[in-house]
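S.K.: Quick one: this structure, given as C-alpha cells, is what I'll be asking you about.
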Amino acid sequence: MGGVRRMYLEKAKLEEFEIYYQMKCEKYIAYWSQGNYEIPPRENLYRFYTGCLQSAEGEQCKEIYLIKTDEGETAGYLYMDYLENSVDIPIALCERFTKKGLAKQAISEGLRMAREKGYRQSEVEIRADNAASIRLYTSCGYHRGKKTREIYSSALKQSVAMYAYQKKIEDAG
Numbered sequence: 029m030g031g032v033r034r035m036y037l038e039k040a041k042l043e044e045f046e047i048y049y050q051m052k053c054e055k056y057i058a059y060w061s062q063g064n065y066e067i068p069p070r071e072n073l074y075r076f077y078t079g080c081l082q083s084a085e086g087e088q089c090k091e092i093y094l095i096k097t098d099e100g101e102t103a104g105y106l107y108m109d110y111l112e113n114s115v116d117i118p119i120a121l122c123e124r125f126t127k128k129g130l131a132k133q134a135i136s137e138g139l140r141m142a143r144e145k146g147y148r149q150s151e152v153e154i155r156a157d158n159a160a161s162i163r164l165y166t167s168c169g170y171h172r173g174k175k176t177r178e179i180y181s182s183a184l185k186q187s188v189a190m191y192a193y194q195k196k197i198e199d200a201g
C-alpha cells in the first residue's frame, strides 16, 4: 500500500507507554536510532518517557508526540527537544508506515509548533549512513552542517559519523 496518507500528532500519555515501548523494540527503529539491534531496557525507557511527560511548560524540555494516521493507527513518534536556541525534532516511523508521506507531514507540524513557541532554528543529528533520514530532512529544507561525533554501530561493527542538519524556521505568513 503506497501513497500519501494524512497524519496528526497527539501528545503522548502515560497509558500509551506500551505502544511507545513496542515501537522502540522494532528492529527497523532500533537500528536507525541506535546503530544496533538491541532492545532498549524497558525501565530506562519508562524513566525517560515519564520524565518527558512531566516537563513543565516553558522550561527546556523534550516532549513526545505519537504520530497517528487519519485512521487512528499509531505510525511512529516525534520528539520536540526544546534547547536554548533551537529545537531538535527527531522522528521514527514503524517500517510499515514509511514512504507514505507521514514523516514529512510530522516534521512540518513539529516546525510549525516550534515556530509558535518562538523558535527560529532547528537542528537534528543524523548518522552518515542513514540515507532515508538524510533524504527526509533535506526534503524538509534542512542542510548538512558540521560533523558532530562518531558513534559505534554494533550492527556494522564500525564507527559511523554523525552530522548536524540545520534549518531556519521561517515566520508564519
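Going by our numbering, the residue at position 43 of the sequence shown is 71; the numbering climbs one at a time, nothing skipped.
We treat Cβ as the ideally placed atom computed from N, Cα and C, and that holds for glycine.
None of these values were measured; they are calculated from a predicted model.
1) Since G138 and I117 are thought to touch, with beta carbons under 8 Å apart, how far apart are those beta carbons, to the nearest angstrom?
2) Buried or exposed, going by whether 16 or more other CB atoms sit within 10 Å of the CB of K195?
3) Do you know offhand how far C53's Cα is from R124's?
4) When the Cα atoms are used, what is the spatial distance from L121 to Y180?
5) Kindly identify the DSSP beta-bridge partner or partners of T97.
6) Report, in whole angstroms, the separation of the C-beta atoms of E153 and A192, which I expect to be a contact under 8 Å.
7) Does G100 pass the burial test, meaning 16 or more other C-beta atoms within 10 Å, or should it be called exposed?
8) Whose C-beta lies closer than 7 Å to the C-beta of L106 among residues of the same chain, with five residues either side of it excluded?
9) Just grab the DSSP bridge partners of S150 for me.
10) Label A142 either buried or exposed according to how many other C-beta atoms from any shown protein chain fall within 10 Å of its C-beta, with 16 as the threshold for buried.
11) Pick out whichever of P68, K128, Q82 and V188 has its Cα sitting closest to the Cα of L42.
12) Considering only the alpha carbon of each residue, which of K185, L184, S187 and R155 lies closest to G173?
13) Can you tell me where the beta strand (DSSP E) holding K175 begins and where it ends?
14) If you compare alpha carbons, which of R70, P68, T102 and N113 is closest to C89?
15) Applying the criterion that 16 or more other CB atoms from any shown protein chain within 10 Å of the CB defines a buried residue, is G79 buried or exposed?
16) Quick check on D109 - is its C-beta less than 7 Å from some C-beta in chain B?
M.R.: The short version:
1) 4 Å
2) buried
3) 14 Å
4) 23 Å
5) M35
6) 6 Å
7) exposed
8) L37, Y93, I95, I117, I119, A134 and G138
9) V115 and K195
10) buried
11) Q82
12) R155
13) H171 to S181
14) N113
15) exposed
16) Of the chains in the structure shown, none is chain B; there is only one protein chain.
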